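Student:
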Amino acid sequence: MHDESLFWHKVLDSPDHLPEGRVTTVTANHTPICLTRFKGKFSGLDNRCPHQGGPLGEGSIENGLLRCPWHGWDYDPQTGQAPGFHNEHTQTFPVDVRADGVYVGIAPEAPHETTIADLMMETMVNAGVDTVFGMVGHSNLGVADAMRRLAEQGKLTFVGIRHEGAASFAASAYGKLTGQPAACFGIAGPGATNMFTGMWDAKNDRAPLLVLSGQVQTQVVGTGAFQEVDLVQAFGAVAEFNQRVQHNSKYAELMVLAVKHAILNRQVSHLTFPDEVQQLPASATAKAGSLANRMGLPRIMPDEVSVAAAVARLHTARRPVIIVGHGARFSMPSVLALAEKLNAPVLTTFKGKGLIADAHPLAGGVLGRSGTPIASWVMNEADLLVVFGSTFANHTGITPKIPTIQVDADSLVLAKFHPVAVPVWGDIETTATRFLNELIGTEIAAIDQRPDLANRWALWRAEKANRLLDDRGQGLSSVRVFDALGRLVPHNAVVCVDVGNNAYSLGRYFEASGQAFLMSGYLGSIGFALPAAMGAWAAVKNQRPVVSVSGDGGFGQYMAELTTIVQHRMPIKHILLNNNELGKISKEQRADRLDVWQTTLHNPNFADYATNCGALGIRVTEHRQLEPALQQAFAHPGPALIEIMTDGTLI
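Residue numbering for the sequence shown follows numbering that gives the first Met the number 0, starting at 0 and increasing by one per position.
Structural data, given as structure tokens:
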């Protein structure tokens, strides 16, 4: 007779699957059980050794006793009783051998009780953070289980990655593209510290990011225990909001504040969850929080004095030029309306590439080291610069010699590196609209600069056409690759760019036609592109194509994530420029009059590697193969990698 009060779970399909004198671990519902077969009898014991929780099912039967694999404590393999000095015993479960297999009976599980982790993860989702990139491990299991419940309800997307550094880069890219945070997630110690680089990438580029880390038990923090790192201390320099969840924290409020700081300050928020806190029952009266009525509209009105000073200069400038950085990415309609009123060229920083299509009659291309002669000429001819959302980084090359109106929502960015004629503290959309409204119906001195722009574009395109004819016989040139990409990458794609010569070439030769571009801007971290593409895909799902571009050095950093992309069916297209070298570093060594050293790379056939991962892999070695390969990849419904053997030059 079977005990009808128990639930019987099949744990083996046949008794023959466990030989005489052997043990194994099985699971009945959520209960791990050490299943033994000794003297012809099957027995079920609690899998946790009463000593220190060792897995009894991984032990062995020696001299008639079940020995724990961790510390050698012994138990009777049928009764669970310890015969020795420690006088311990383990719980037993009834076992029934039937015609169709071996069954274990367990009592019905109690309904799930809401935990602290449940409450905080529900608050996170309520606050709009519904995408997490990370890795589940022993010190974050309670938080992971709370995420699992939300994922099963369709409220959360969890992307399990191969390396936590990729998780933080993906979440950083998500924030750069959307202005809203995603989360990255890792275990204590090395899992959390692996996220450090992506955290700095988000901080430097002002991308909102939520970081969630597991932690060892609070009582051993600071003692040098296994995988113990004081993460609050370790992340103090990178995370603006940085807290350890404690047993008496205001849990929902803590998560609300973390998300709020990330969004409003465009910064990194970090919460770490000690192991003993995660599965504590939440108070019966505790409720999840949200951001409802917790934030005002992100509008900063410029002051009247600054507006008047700026408008006075806009009235009298004959050749005003507008420069937009990544900070203007959500305000371009207002900026373009102002540009059209002024007949002013619009240049972008490299981080702002694509904010205006290069075919627009007022587009002047990218300014700076990754830019074009068009943008440099336009700036040098200007008598007034109007800069929106740029920090004037040295790579951009905005001259301090021309009177400048600078507009930014961050007052510390204004005149950060040198004085400007008119610093204006205000959000870009509001301020650009205010400038335009002040100019409507008034006489302005600005000339129409469209003819000059058209002439400069014609000269540059003729130069690019000449460069297309170059052939060194050592692979495809960068100009050929990015000329083709500029014509074939879908207009609405999100393009994730790595660092190195491939980035310089993309900035210079790729003519943007509506694409959005993401890059590791001020940190300049190699390996960014492929993980960033995962973040971009999670943000747009399949509403926009996602393309990533890297060199062989950058791809090698996170190439295992191609398996993640395949697993999650992300139709990302990766363009890999392979010259078997860290070409940018070789160039810098030569520029410093040093020997080229330790920059050559030993690479596999990356196209074959992609195929082995389950993606479409194509290798291009000749000019005639390039466009057909790109067309095939962009038409392919799944992930694809196009490996292009290049000559490594940047012209």
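For every residue, glycine included, the Cβ atom is placed at its ideal position computed from N, Cα and C.
This structure is a prediction, so every number in the text was calculated from the model and none was measured.
Would you tell me roughly how many angstroms separate the C-alpha atoms of V412 and Q266, rounded to the nearest one?
Tutor: Walking along the sequence shown from the start, residue 412 turns up at place 413. Walking along the sequence shown from the start, residue 266 turns up at place 267. Approximately 15 Å, taken between the alpha carbons.
Student: Identify, in the order they occur along the chain, each residue of the same chain with its Cβ nearer than 7 Å to the Cβ of Q630, setting aside the five sequence neighbours on each side.
Tutor: What you label residue 630 is simply residue 631 of the sequence shown in a count that begins at 1. The residues are L487.
Student: Can the beta-carbon of T525 be found closer than 9 Å to that of D497?
Tutor: Taking the sequence shown and counting its residues from 1, the one referred to as residue 525 is at position 526. Taking the sequence shown and counting its residues from 1, the one referred to as residue 497 is at position 498. Here the sequence assigns Ile to residue 525, which means Thr is not the residue at that position. In contact: I525 and D497 (Cβ atoms closer than 9 Å).
Student: I'd like to check one pair, I404 with S386: are the Cβ atoms closer than 9 Å?
Tutor: As a working mapping, residue 386 is identified with position 387 in the sequence shown. As a working mapping, residue 404 is identified with position 405 in the sequence shown. The amino acid occupying residue 386 in the given sequence is Val; Ser does not appear at that position. In contact: V386 and I404 (Cβ atoms closer than 9 Å).
Student: Within the continuous beta strand (DSSP E) that includes Q214, where are the two ends?
Tutor: As a first step, residue 214 is located in the sequence shown; it is residue number 215 there, counting from the start. Per DSSP, Q214 belongs to the beta strand (DSSP E) from 208–214.
Student: Does the distance from the C-beta atom of G553 to that of L529 stay below 9 Å?
Tutor: Here residue 553 refers to the residue found at position 554 when the sequence shown is read from its first residue. Here residue 529 refers to the residue found at position 530 when the sequence shown is read from its first residue. In contact: G553 and L529 (Cβ atoms closer than 9 Å).
Student: Would you report the Cα separation of M0 and C67, rounded to the nearest angstrom?
Tutor: As a first step, residue 0 is located in the sequence shown; it is residue number 1 there, counting from the start. As a first step, residue 67 is located in the sequence shown; it is residue number 68 there, counting from the start. The predicted model places M0 with a pLDDT of 48, which falls under 50 and marks its position as unreliable; any figure quoted below should be read in that light. M0 and C67: Cα-Cα distance of roughly 32 Å.
Student: Candidates H325, A461, P49: which alpha carbon is nearest N86's?
Tutor: What you label residue 86 is simply residue 87 of the sequence shown in a count that begins at 1. Of the candidates H325, A461, P49, the one whose C-alpha sits nearest the C-alpha of N86 is P49.
Student: Relative to the C-alpha of A515, which residue among V545, R97, I115 is closest?
Tutor: Position 516 of the sequence shown holds residue 515. If we check each option's Cα against that of A515, V545 comes out closest.
Student: Cα separation between P603 and L640?
Tutor: Taking the sequence shown and counting its residues from 1, the one referred to as residue 603 is at position 604. Taking the sequence shown and counting its residues from 1, the one referred to as residue 640 is at position 641. In a straight line, the C-alpha of P603 is about 14 Å away from that of L640.
Student: Is the beta carbon of V158 closer than 9 Å to that of M533?
Tutor: Taking the first residue of the sequence shown as 1, we reach residue 533 at position 534. Taking the first residue of the sequence shown as 1, we reach residue 158 at position 159. Cβ distance < 9 Å, so M533 and V158 count as in contact.
Student: In chain order, what are the residue ranges of uninterrupted beta strand (DSSP E) at least 3 long that sit wholly in the stretch 82–163?
Tutor: Complete beta strand (DSSP E) runs here, min 3: 94–97, 100–105, 130–133, 156–159.
Student: Considering only residues of the stretch 537–580, which uninterrupted alpha helix (DSSP H) runs meet the minimum length of 4 residues and lie entirely inside it, listed in chain order?
Tutor: Fully enclosed alpha helix (DSSP H) runs of 4 or longer: 551–556, 560–566.
Student: Output needed for R317: all residues of its chain with C-beta closer than 7 Å, excluding positions within five of it in sequence on either side, in chain order.
Tutor: In the sequence shown, residue 317 corresponds to position 318, counting from 1. Result list for R317: D382, A444, A445, I446, in chain order.
Student: Is it right to say P207 is buried, meaning 16 or more other beta carbons lie within 10 angstroms of its own, or is it exposed?
Tutor: For this step, residue 207 is matched to residue 208 along the sequence shown. Under this definition P207 is a buried residue.
Student: Quick check: S212 and A191, are their CB atoms within less than 9 Å of each other?
Tutor: The residue given as residue 212 occupies position 213 in the sequence shown. The residue given as residue 191 occupies position 192 in the sequence shown. Going by C-beta atoms, S212 is nearer than 9 Å to A191.
Student: Would you call the stretch 224–232 and the stretch 334–354 touching, i.e. three or more CB-CB distances under 8 Å?
Tutor: no
Student: Can you check whether the CB of Q242 is closer than 9 Å to the CB of T271?
Tutor: The residue you call residue 271 lines up with position 272 of the sequence shown. The residue you call residue 242 lines up with position 243 of the sequence shown. In contact: T271 and Q242 (Cβ atoms closer than 9 Å).
Student: Going residue by residue through the stretch 581–650, where are the continuous beta strand (DSSP E) segments of at least 3 residues, counting only ones entirely within it?
Tutor: Counting whole runs of 3 or more residues, the stretch 581–650 contains the beta strand (DSSP E) stretches 615–619, 639–644.
Student: How do the stretch 58–74 and the stretch 94–112 stand: do at least 3 beta-carbon pairs fall below 8 Å, yes or no?
Tutor: no
Student: For the pair the stretch 27–40 and the stretch 133–144, tell me if three or more CB-CB distances fall below 8 Å.
Tutor: no
Student: Determine the extent of the alpha helix (DSSP H) in which S504 is found, giving its start and end residues.
Tutor: Along the sequence shown, one-based indexing puts residue 504 at 505. Counting along the chain, the alpha helix (DSSP H) containing S504 begins and ends at 500–508.
Student: On the DSSP letters alone, give me the boundaries of the beta strand (DSSP E) that F234 sits inside.
Tutor: Residue 234 sits at position 235 when you count from the first residue of the sequence shown. Counting along the chain, F234 falls outside any beta strand (DSSP E), and DSSP gives it neither H nor E.
Student: Considering only the alpha carbon of each residue, which of S369, V423, S410, D551 lies closest to I397?
Tutor: Along the sequence shown, read from residue 1 onward, the residue named residue 397 stands at position 398. Among S369, V423, S410, D551, the Cα nearest to that of I397 belongs to S369.
Student: Here's the rule I'm using: 16 or more other beta-carbon atoms within 10 Å means buried, otherwise exposed. How should L11 be labelled?
Tutor: Counted from its first residue, the sequence shown places residue 11 at position 12. Its Cβ being crowded by 16 or more others within 10 Å, L11 is buried.
Student: Considering Cα atoms alone, identify which of A327, L64, G178, V406 is closest to H88.
Tutor: As a first step, residue 88 must be located in the sequence shown, where it is residue number 89. If we check each option's Cα against that of H88, L64 comes out closest.
Student: With a floor of 4 residues, list each alpha helix (DSSP H) that falls wholly inside the stretch 388–476, ordered by position along the chain.
Tutor: 427–438, 449–467
Student: I32 lies in the beta strand (DSSP E); which residues open and close that run?
Tutor: On the sequence shown, residue 32 is found 33 positions in, with the first residue counted as 1. Start and end: 30–37.
Student: Per DSSP, E61 forms a beta bridge with which residues?
Tutor: Start at 1 with the first residue of the sequence shown, and residue 61 comes out as number 62. DSSP output for E61 lists L64 as bridge partner(s).
Student: Looking at C-alpha atoms only, which residue of N46, T24, L17, A27 is the closest neighbour of K40?
Tutor: Here residue 40 refers to the residue found at position 41 of the sequence shown. Closest option to K40, Cα to Cα, is L17.
Student: Distance, Cα to Cα, N491 vs V539?
Tutor: Translated into the one-based positions of the sequence shown, residue 491 becomes position 492. Translated into the one-based positions of the sequence shown, residue 539 becomes position 540. So the two alpha carbons sit approximately 11 Å from each other.
Student: Per DSSP, which one or two residues make a beta bridge with G43?
Tutor: If you number the sequence shown from 1, residue 43 lands on position 44. Looking at the DSSP assignment, G43 forms a beta bridge with L34, F92.
Student: Specify the secondary structure class of Y74 as computed by DSSP and reduced to three states.
Tutor: Translated into positions along the sequence shown, residue 74 becomes position 75. Strand.
Student: Can you tell me whether A356 sits near the ligand GDP, meaning its C-beta is under 8 Å from at least one heavy atom of the ligand?
Tutor: Although the ligand GDP was asked about, the structure shown includes no ligands whatsoever.
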